[in-house]
Amino acid sequence: MATDQQPQPAPLAPPRLRLRWLSVVVAVMVVLTGGWPLANSLVADRHRLATGSTVRIGPDAANSARFTVGPGWFEVPSQTNPFMSYALRRGSLQVSVLFVALVNTSQTPELWTGLRKLVRAANPGARLGSPTAVVTAAGNRGLTGTLNAGSMTGLASAFPSPSKGFAIEMVALGPRTTHLLNLRATRQLMRSLRFPPASR
Amino acid sequence: MTIADSIRAVRITAVLACTFGAVVLIWQFVRLLAVFPAAAVVAVLAEVPLLVVGFMLARLLRPVRAPSLTWSGAALAWGGTAAAGCALLANQGLIGLWAKGEGVRFAANWSAPLTAPLNEEILKLCGVILVALAAPSAIRGPVDGMIIGALTGLGFQAVENVTYGLNAIVLTGATDPDQAVLNSVALRVGMTGLGSHWTMTAVAGAGIGYFVLYARQRLGRTGSLRPPRRGVLAACACLATAMGMHLLFDAPGPGLLPKVAINFIVVAVLYLMLRTAFVSRARGLLAGWAGAGIVSAAEARGLTSRRKRRRELRRAGSPAERARLLERQREILDRIDSEAA
Chain A
47 MATDQQPQPA PLAPPRLRLR WLSVVVAVMV VLTGGWPLAN SLVADRHRLA TGSTVRIGPD
107 AANSARFTVG PGWFEVPSQT NPFMSYALRR GSLQVSVLFV ALVNTSQTPE LWTGLRKLVR
167 AANPGARLGS PTAVVTAAGN RGLTGTLNAG SMTGLASAFP SPSKGFAIEM VALGPRTTHL
227 LNLRATRQLM RSLRFPPASR
Chain B
4 MTIADSIRAV RITAVLACTF GAVVLIWQFV RLLAVFPAAA VVAVLAEVPL LVVGFMLARL
64 LRPVRAPSLT WSGAALAWGG TAAAGCALLA NQGLIGLWAK GEGVRFAANW SAPLTAPLNE
124 EILKLCGVIL VALAAPSAIR GPVDGMIIGA LTGLGFQAVE NVTYGLNAIV LTGATDPDQA
184 VLNSVALRVG MTGLGSHWTM TAVAGAGIGY FVLYARQRLG RTGSLRPPRR GVLAACACLA
244 TAMGMHLLFD APGPGLLPKV AINFIVVAVL YLMLRTAFVS RARGLLAGWA GAGIVSAAEA
304 RGLTSRRKRR RELRRAGSPA ERARLLERQR EILDRIDSEA A
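Quick note, the sequences are listed as chains A and B, same order.
Here the first sequence is numbered in the numbering used here, starting from 47 and rising by one per residue.
Here the second sequence is numbered in the numbering used here, starting from 4 and rising by one per residue.
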């Protein structure tokens, strides 16, 4: 192409302008990536649950379950989504309650094997023992077993819904020193689980 | 500092951010990867067709000629590493704040639509801006910004799909990890893939393209380094639209398909408008150059078509002639890109 016909090339931004924009981009990324987690860490992450209050977990009435908490329980809001999972604490005892949407109704026999793997994924040193049958106060059958993870110990349980379309899993872990107290509180929580008639 | 030094600083920063994002992602999911290796491989492999087809289609959609392979890959990598990794941390922080401030039930419904559009759209857009800063010829106008934005969004979308697949294993109690991943892939690639991240970042990226265009015009005309008002307005409008699309996508309410359709229609309409305008300007330029004797009539007719350019190259009698033709095509296309943007 003839040189005299060449258009003026688009001017390149001078270095200080480029660096200014680079600084803006870096600042925005730092604010979002570090700022939100920092602000979140500065706000208390516990909400007291009233003694005897009933908590619903599940995406809708037909796919949900309820459990009742005793005295001294706190909810951890940042790790709780009532549709899917609750993170609860009672002193040093930590309990996760998980709504498990089963891929199909024939999956209930796989619940314990799956729970064992999930426990290992959440805590590489944790070992879930063999399951034994357990029945809730409302008569729902499930499985429960002991959990050991170094200086921590606890209980895990899985309760398929009567429809077998979903299940509720509970994993409780606390220090060995308060083992008996924790065990009693966890068992109360697990035994309080019930499935509303809509889920049957 | 020279221009080359400043460009190098941008590139090094981008590589560091991508490395950071990748480390965050691996750190967050390494335990699931270790316990469910087969399902994790399924989750990753299932995204490969989306990535390959999406990458090729996005580059093909750039009118006249494809954007640089290097910068297309860089945009994809930013979306899948820096943006996805940083968004993971940013979202956890803001979602936690929503749950603490407004309660867990409100957060369950609204934390995603009130968090992801803000964090994710901005973090993805940072990648488009960095491409514009690191490769001054990669983004010259809205069409370039849109394609680079779409590629950034595509990278983000593919990695997010993998993370959703891994999370699906947990949400199904690990009763059938492979099936859980495949169900997640079917939903996120088959049903929502057409209206997900790539559409939102394409729209936001077009705004950066407008900004670059107006900023360069202003710099060339007046030498001013101040951000052009028209460019700022266009960039903000496009970013707000992208955030709106994202909010709609994540909000509880109407089914997924109408949301996917709306996002797809928004991006398709914007693309057709920008493409038509770009091609029309390119053809106008070529016609003018043909009239001035700068290009031949045949070149003016065929240069905007990839197929016709390839046909012309195939007709070359010798490798030397082919190389000369290729060089000539590139020279004219560079000028078209520069002036039609």
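Backbone N, C-alpha and C define an ideal beta-carbon position, used for all residues, glycine too.
Remember, it's a predicted structure, so these values are computed and weren't measured experimentally.
DSSP state of residue 239(A), grouped into three classes?
Coil at residue 239(A), not helix or strand.
Measure the C-alpha to C-alpha separation of residue 50(B) and residue 202(B) and round it to an integer number of angstroms.
Near 17 Å, if we compare the C-alpha coordinates of residue 202(B) and residue 50(B).
How would you call residue 126(A), buried or exposed, if buried means at least 16 neighbouring beta carbons within 10 angstroms?
Classification for residue 126(A): buried.
In chain order, what residues of the same chain have a beta carbon less than 7 Å from the beta carbon of residue 343(B), not counting five sequence neighbours either side?
Here the set comprises 281, 284, 285 and 288.
Give me the Cα-Cα distance between residue 75(B) and residue 240(B), rounded to the nearest whole angstrom.
When rounded, the distance between both Cα atoms is 24 Å.
Is it the case that the Cβ atoms of residue 82(B) and residue 158(B) are separated by a distance below 7 Å?
Cβ distance < 7 Å, so residue 82(B) and residue 158(B) count as in contact.
Just verifying my parser: in three-state terms, what is the DSSP assignment at residue 148(A)?
In this structure, residue 148(A) counts as coil in the three-state DSSP scheme.
What residues of chain B sit near residue 113(A), judged by a beta carbon separation below 9 Å?
By Cβ distance, chain B contributes nothing, its closest Cβ being about 15 Å from residue 113(A), past 9 Å.
Cutting at 7 Å between CB atoms, please list the residues of its own chain near residue 255(B), excluding the five before and the five after it.
Within the same chain, residue 255(B) has close Cβ partners 112.
Would residue 158(A) pass as a contact of residue 201(A) if the rule is Cβ separation under 7 Å?
In this structure, residue 201(A) does not lie closer than 7 Å to residue 158(A) by Cβ.
Closest to residue 60(A) by C-alpha separation, out of 120(B), 16(B) and 10(B), would be which residue?
Checked all of 120(B), 16(B) and 10(B); the closest Cα to residue 60(A) is 10(B).
Going straight from the alpha carbon of residue 395(B) to that of residue 195(A), what length do you get?
Residue 395(B) lies beyond the range of chain B shown here (4 to 344); nothing can be said about it.
In angstroms, rounded to a whole number, what distance separates the CA positions of residue 327(B) and residue 300(B)?
Their Cα atoms are separated by approximately 18 Å.
Residues of chain A with CB closer than 7 Å to the CB of residue 20(B), please, in chain order.
The contacting residues are 75.
Taking 7 Å as the CB-CB limit, is residue 164(B) close to chain A?
Residue 164(B) does not count as touching chain A.
Identify the contact partners of residue 4(B) in chain A, using a Cβ-Cβ distance below 7 Å as the criterion.
Near residue 4(B) (Cβ distances below 7 Å), the residues of chain A are 61.
How many angstroms separate the CA atom of residue 6(A) from the CA atom of residue 164(A)?
Summary: the structure shown does not reach residue 6(A), with chain A confined to residues 47 through 246, and so no result is reported for it.
Distance, Cα to Cα, residue 148(B) vs residue 178(A)?
The alpha-carbon atoms of residue 148(B) and residue 178(A) are separated by roughly 60 Å.
Cutting at 7 Å between CB atoms, please list the residues of its own chain near residue 409(B), excluding the five before and the five after it.
Chain B is shown from 4 up to 344; residue 409(B) falls before or after that span and cannot be answered.
Which partner residues of residue 194(A) appear in the DSSP bridge assignment?
173(A) and 199(A).
Which whole-angstrom value is the C-beta distance of residue 165(B) and residue 273(B), which I expect to be below 8 Å?
Residue 165(B) to residue 273(B), Cβ: 28 Å. No contact.
Assign residue 82(A) to buried or exposed, taking buried as 16 or more other Cβ atoms, counted over all protein chains shown, within 10 Å of its Cβ.
Answer is buried; the Cβ neighbour count reaches 16.
Considering only the beta carbon of each residue, do residue 195(B) and residue 263(B) sit closer than 7 Å?
Against a cut-off of 7 Å, the Cβ pair of residue 263(B) and residue 195(B) comes out as a contact.
Any C-beta of chain A within less than 9 Å: which residues of the region 226-254 of chain B qualify?
So the close ones are 226 and 228.
Does the pairing of the region 222-231 of chain A with the region 143-163 of chain A give three or more beta-carbon distances under 8 Å?
Short answer: they don't touch.
Are three or more beta carbon pairs between the region 36-55 of chain B and the region 179-188 of chain B nearer than 8 Å?
Yes: at least three Cβ pairs fall under 8 Å.
According to the Cβ coordinates, are residue 332(B) and residue 312(B) closer than 7 Å?
Yes. Within cutoff.
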